[in-house]
């Protein structure tokens, strides 16, 4: 039996993926962008497997090589799509200037939540927590700080909020960088973290007052 004719190489596969990603629908804002890209790629893989099943086993070697190439393309697309989604959704980074007050971020979060824009609500709610910590001199402002770094620093000052801050930072990263769809429940949990941080007092400072 004859081998499966593999008529697409690495360069051609990359070009095909690039052409597909250039289509306008992939530029639409929304946390589902990475999922749409990966769905397109794996649809192509499904088609190749179906073609291979009708031919000789020898063709699977070439098909395996193509699968490896496309998986690598999918990983690269995942990273690029995440960056594209962030650029479309907001432009500036999570804690970059211009800096606004914690109250301003809370008001923005409330507005986004009222409109059902849960990803933006999650972002602004977490920003409110960060600014609250900065305004109370619990965490110093530092450009480029990550959500995990904020959670770690906050946990040292407010041990009772350490776990809640770690959970909040994971939610922020998953939504804003990982493309995970945000929900009203996520926003509610971040509201609770914000309230807990506002109530909490550093243990060392509380002891000093007594």
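Numbering (UniProt numbering), first residue to last: 1 to 210. Note that the Cβ used here is the ideal one computed from N, Cα and C, for glycine as well.
| request: Report yes if the CB atom of residue 197 is closer than 8 Å to the CB atom of residue 129, and no otherwise. | output: yes
| query | Nearest to residue 102 by CA position, among 170, 201, 118, 137, is which residue? | reply | 137
| For residue 108, does the three-state DSSP call read helix, strand or coil? | helix
| task | Give the C-beta separation of residue 148 and residue 169 to the nearest angstrom, bearing in mind that I take them to be a contact with Cβ-Cβ under 8 Å. | result | 5 Å
| query | Taking contact to mean at least 3 C-beta pairs separated by less than 8 Å, is the segment 108-118 in contact with the segment 148-165? | reply | no
| task | On a CA-only basis, which of 125, 120, 104 is nearest residue 181? Give me that one, please. | result | 120
| Hey, quick one: how far does the alpha helix (DSSP H) through residue 156 stretch, first residue to last? | 147-157
| field | Enclosing alpha helix (DSSP H) for residue 120 [first to last residue] | value | 118-135
| field | Helix, strand or coil at residue 140 [DSSP, three-state] | value | coil
| Exposed or buried, which one is residue 199 when buried takes at least 16 other CB atoms within 10 Å? | exposed
| query | In chain order, what residues of the same chain have a beta carbon less than 8 Å from the beta carbon of residue 135, not counting five sequence neighbours either side? | reply | 101, 102
| field | Test item: CB-CB of residue 124 and residue 108 under 8 Å | value | yes
| message | My output table needs one value for residue 115: the three-state DSSP class, helix, strand or coil. | response | coil
| query | Out of 176, 184, 183, which has the shortest C-alpha to C-alpha gap to residue 213? | reply | Residue 213 falls outside the range modelled here, since the chain spans only 1 to 210, and no answer is possible.
| field | Identity of the residue in 146, 185, 191, 184 nearest residue 173 by Cα | value | 146
| request: Return helix, strand or coil for residue 189, following the three-state DSSP convention. | output: helix
| said: If distances are taken between C-alpha atoms only, which option among 187, 141, 143 comes closest to residue 171? | reply: 187
| Roughly how many whole angstroms lie between the Cα atoms of residue 189 and residue 112? | 15 Å
| query | Which residues in the same chain as residue 30 place their Cβ atom closer than 6 Å to its Cβ, once the five residues preceding and following it in sequence are excluded? | reply | In this prediction, residue 30 has a pLDDT of 48, which is less than 50 and means its spatial position is unreliable; nothing more can be read from the coordinates.
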